[in-house]
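The sequence shown lines up with residues 97 to 143 when you count with my numbering.
Yeah, the Cβ is synthetic: ideal placement off N, Cα and C, and Gly gets one too.
What follows is one structure encoded as structure tokens, with my remarks underneath.
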Amino acid sequence: MTNQLAIILGSIIAAAVLGDLMLNGGEAVLFLSRKFFLLLDWMAFWR
């Protein structure tokens, strides 16, 4: 991954999180965070 691609991808993710915080109050970020931690727990179980 080049530096330029990393900056673009980081900017897109930051804009999506900022947009969610402004429009939804952060509900989507919270939902995805909870699902991600459940996925990590499930992966640790199968490890």
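Contact annotation: L134 and V125 have beta-carbon atoms that are not nearer than 9 angstroms. For G106, the enclosing alpha helix (DSSP H) stretches over residues 99–119. CA-to-CA, the gap between W138 and F127 works out to about 17 angstroms.
Within the same chain, and ignoring the five residues on either side of G122 in sequence, the residues whose Cβ sits closer than 7 angstroms to its Cβ are D116.
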